[in-house]
Every structure is written in C-alpha cells, then in structure tokens.
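Under this note's numbering, the first residue of the sequence shown carries the number 625, and numbering increases by one thereafter.
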Amino acid sequence: MVRKGVQEYGLEFVGFRDGWRGPLEGDTVPLDIQAVRGILPRGGTILGSSRTNPLKSPGGGGRNGIERIKDNLAGLGVDALVVIGGEDTLGVATRLGEQGVPVVGVPKTIDNDLGATDYTFGFDTAVNIAMEAIDRLHTTAESHHRALIVEVMGRHAGWIALHAGLAGGANVILIPERPFDIERVCAYVQHRFQTRFAPIVVVAEGAHPVSEELATSSEQLDSFGHVRLGGVGQMLADEIEKRTGKEARCTVLGHIQRGGTPTAFDRVLATRFGVHAVQAVHEEAFGVMMALRGTDIIRVPLAEATSQLKLVPPQRYAEAEVFFG
Ligand code: F6P
C-alpha cells in the first residue's frame with residue numbers, strides 16, 4: 625500500500641498503533657517507504673494489535689468511541705482509513721463506513737472465516753505450521769503407539785483443522801461445524817492402531833461433542849464478546865485413553881500458529897491486497913473490502929464480508945472424511 629501510494633499517487637501514510645486503540649487515542653507512527661522496508665518475512669504486525677472495541681469504549685466528553693475516532697481522524701487530517709483484520713476489526717470498520725468515514729478493508733485472520741473472500745492472509749501460514757507439527761507428531765504416535773491429539777485454533781470455524789488435518793494425514797478431524805460423537809472418534813482411533821499407523825486426531829478449539837457445550841479455558845468475555853476457547857483437546861485425550869485403553873496425549877499449538885515468518889502464499893496475498901486497497905482509496909471506492917476470488921482480487925461491500933462467518937460447508941468436510949479411520 626505504502627509503496628504504490630507514495631510512488632504512484634503521491635500519498636502520505638501514518639500507521640495507527642495497536643488496532644482500534646490507535647484511532648481511539650490518536651496514537652500514530654510514521655509509515656513511509658523506509659518504515660515498511662523488509663517487512664515481508666516478518667510475522668504479526670509492525671503496528672501492534674489489541675482487542676480494543678471502539679463500539680464499547682467510552683469516547684469521553686459525551687462522545688462515543690466512533691465519534692472520538694472521527695474527531696481524531698479529522699484532527700490528524702486523515703482522508704481515508706485502511707483497516708486490516710478479521711471479523712471483529714472489520715465489523716467496526718463496517719460501522720464506521722456506515723457513519724460516513726471513508727474506509728477500505730483488508731481481510732487478515734488465521735481463521736479464514738470472513739465471508740466474501742476465498743482466503744484471508746495469515747491462514748496459509750497457520751495451516752503450514754500446524755501441518756508441520758502434525759508431521760512431527762507422527763514420529764511419536766507411531767513409535768510409542770500412542771493416540772496424539774492436536775488442538776488448533778480457528779475459533780468457530782474449522783478451516784485450520786480441516787486443511788492442516790488433511791495435509792498432515794490426520795486419523796480424524798473434528799471441527800465446530802460438525803459436533804462429534806466420541807464413540808465414533810474412538811472407533812477411528814482403534815482402527816488406526818490396527819493398521820499400525822499413527823492415530824492423530826486434529827481438533828479445532830471450537831469443536832465440541834454432540835449435545836455438549838464448547839470447552840473454554842476462561843469464562844471471561846473479551847471486549848468483542850468472545851470467550852477464550854481451549855481445552856477440548858485434553859478432554860478428548862482423557863476420553864480416548866479411558867475408552868480405548870491406549871495412551872493418549874494432547875498438544876495444544878496455540879499461538880505458535882500465529883508466529884514466525886509468513887508463507888510465500890500469505891506474503892503474495894497480503895502484498896496484492898495492499899496494492900489493490902490503495903488503488904481503491906485513490907479511486908475513492910470506500911466501504912469495500914478487498915477479496916480474493918479464484919486468483920483475482922476484487923472489491924466487495926464491507927457489510928457483505930462481515931455479515932456472516934464463512935464456515936466449513938458439509939461437502940468440504942465430506943472430502944476429508946474419506947481418510948478418517
Ligand atoms: O481470531 C484469531 C485467533 O487466533 C483465534 O483462532 C483464536 O481463538 C483467538 O484469535 C485467540 O485470541 P487471543 O490470542 O486474544 O487469545
């Protein structure tokens with residue numbers, strides 16, 4: 625964005641620190657070409673992140689969070705705001721856009737759960753990290769005759785589990801979209817032991833047994849109203865050990881999936897999104913999100929992209945089920 629914006633359009637950029645906290649507090653960093661050099665191999669964000677939700681933040685002086693952001697943007701002379709993030713971040717961008725702020729969205733989340741785009745950036749990196757972890761776990765599963773459970777992230781969508789599980793040759797993949805029957809999972813595991821191949825169960829943090837609640841590692845809600853998910857992997861390991869008599873262990877990948885250097889796919893996707901986002905700004909095409917459709921980057925209304933989560937459809941899960949057991 626910065627390269628094209630400066631070179632072709634003569635634009636000037638500032639970066640807001642720590643997600644929505646930056647615009648709320650008017651906290652900026654200079655963002656010229658020098659500042660963005662060498663960031664391709666870096667994971668995370670050079671701007672920082674937070675779970676600040678302006679829709680829940682008091683604005684001070686009788687204003688709400690949105691009004692405070694509008695005042696700060698005007699005070700800083702910002703003509704357009706490019707918002708990079710997932711469902712929560714872009715949900716706020718949608719509201720801002722509806723209230724007249726010129727916004728352009730860029731879809732970034734490891735969860736890949738934003739509607740209207742085939743892929744979000746970050747997802748491919750997370751999947752590759754999880755796949756590599758599964759590859760490594762095969763060694764112990766096979767040599768020690770253990771069932772190994774791998775818990776991956778993804779919140780309420782099973783995309784990371786589905787892709788990493790398929791790529792890593794999982795015995796069974798459990799996703800939030802399809803509540804699981806523990807007896808069936810155990811039958812798959814037993815069968816894999818009979819074939820003398822590694823029983824590796826990949827479970828999404830949001831997966832849950834039929835008629836049981838989500839496993840949560842904390843009941844506290846963040847400012848976007850989300851519980852902290854986690855714990856389903858250990859619960860599964862305990863049940864599998866109890867029901868099959870085989871040793872079962874759980875590995876929770878957690879934030880390892882969000883760390884380190886991005887894959888080539890994510891670097892290219894993020895770069896292309898940036899180039900197209902600044903073009904949208906230049907053309908004053910606001911209220912849109914960049915989206916990947918096939919191999920093309922297109923513009924979609926932000927409201928369309930954030931109105932519904934993109935979940936794993938049954939036919940995609942059925943493709944993976946061919947390899948269960
Ligand atoms: O939305 C991205 C994500 O990594 C989810 O997969 C996960 O549930 C959540 O964020 C974890 O957030 P935090 O690091 O704030 O606990």
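We treat Cβ as the ideally placed atom computed from N, Cα and C, and that holds for glycine.
For this session: Quickly, what does DSSP pair S842 with across the bridge? List them, please.
Result: R852
For this session: Mind the definition here: the segment 902 to 918 touches the segment 754 to 774 only if three or more C-beta pairs lie below 8 angstroms; say whether that holds.
Result: no
For this session: Could you tell me which residues DSSP puts in a beta bridge with T733?
Result: G746
For this session: Report whether the distance from the Cβ of D642 to the nearest heavy atom of ligand 1 is below 7 angstroms.
Result: no
For this session: Output the residues surrounding ligand 1, defined as those with a CB atom closer than 7 angstroms to any ligand heavy atom, in chain order.
Result: R675, G710, T733, I734, D735, M777, G778, R779, E829, D846, R852, L853, H879 and R882
Exercise. Should I864 go down as buried or exposed, given a rule of 16 or more other Cβ atoms within 10 Å for buried?
Worked result: buried
Exercise. When you compare each of L893, I797 and F821 to P833 by their alpha carbons, which one comes out closest?
Worked result: I797
For this session: Give the DSSP-derived three-state secondary structure of T652 in the structure shown.
Result: strand
Exercise. So, are the CB atoms of F910 and A704 less than 8 angstroms apart?
Worked result: yes
Exercise. Would D805 be called buried (16 or more neighbouring beta carbons within 10 Å of its own) or exposed?
Worked result: exposed
Exercise. Is the beta carbon of Q881 sitting closer than 8 angstroms to the one on A754?
Worked result: yes
For this session: Quick one: grab the DSSP three-state call for A915.
Result: strand
Problem set entry | Cβ separation of V751 and I784, assumed to be a contact under 8 angstroms, to the nearest whole Å | 6 angstroms
Exercise. Comparing alpha-carbon positions, which option in V776, K680 and D890 lies nearest P665?
Worked result: D890
Exercise. In three-state terms, what does DSSP make of R675?
Worked result: coil
Problem set entry | Per-residue DSSP class, three states only, for R770 | coil
For this session: Could you check how far apart the C-beta atoms of R896 and I922 are, in whole angstroms? I think they sit under 8 angstroms.
Result: With a Cβ gap of about 11 angstroms, R896 and I922 do not count as contacting.
For this session: Run the CB neighbour count on G724, radius 10 Å, all protein chains shown included, and call it buried at 16 or more, exposed below.
Result: exposed
Exercise. For the beta strand (DSSP E) that contains P938, what are its first and last residues?
Worked result: From DSSP, P938 is part of no beta strand (DSSP E) but of the alpha helix (DSSP H) over P938 to E945.
Exercise. Looking at V660 and V626, is the spacing between their C-beta atoms short of 8 angstroms?
Worked result: yes
Problem set entry | Own chain, CB closer than 6 angstroms to G567, minus 5 neighbours either side, in chain order | What is shown of the chain runs 625 to 949, which leaves residue 567 out entirely.
Problem set entry | Whole alpha helix (DSSP H) elements within the segment 793 to 821, 4-residue minimum | 806 to 818
Exercise. If you drop the 5 nearest sequence neighbours on each side, which residues of the same chain put their C-beta closer than 7 angstroms to that of A944?
Worked result: L786, G789, L790 and I797
Exercise. Hey, would you say P936 sits closer than 8 angstroms to A781, going by beta carbons?
Worked result: Per the sequence shown, the amino acid found at residue 936 is Val instead of Pro. A contact, by the Cβ cut-off of 8 angstroms.
Exercise. Nearest to R645 by alpha carbon, out of I657, I670, T676 and G869?
Worked result: T676
Exercise. Within 10 angstroms of its Cβ, does G715 collect 16 or more other Cβ (buried), or is it exposed?
Worked result: buried
Problem set entry | Residues bridged to A872 (per DSSP) | A771
Exercise. Can you name the start and end residues of the beta strand (DSSP E) that L705 belongs to?
Worked result: L705 to G709
Exercise. Thinking C-beta only, is E829 closer than 8 angstroms to G778?
Worked result: yes
Exercise. Where R820 and L860 are concerned, what is the direct C-alpha to C-alpha distance, given to the nearest angstrom?
Worked result: 21 angstroms
Exercise. By Cβ distance, which residues of its chain are closer than 6 angstroms to R867, with the 5 residues on each side in sequence left out?
Worked result: C810
Exercise. Whole-angstrom Cβ separation of G667 and G883, contact assumed at under 8 angstroms?
Worked result: 6 angstroms
For this session: Verify whether the separation of the beta carbon atoms of V876 and E775 is less than 8 angstroms.
Result: yes
For this session: Using 10 angstroms around the beta-carbon of F745, count the other beta-carbons present and answer buried if the total reaches 16, otherwise exposed.
Result: buried
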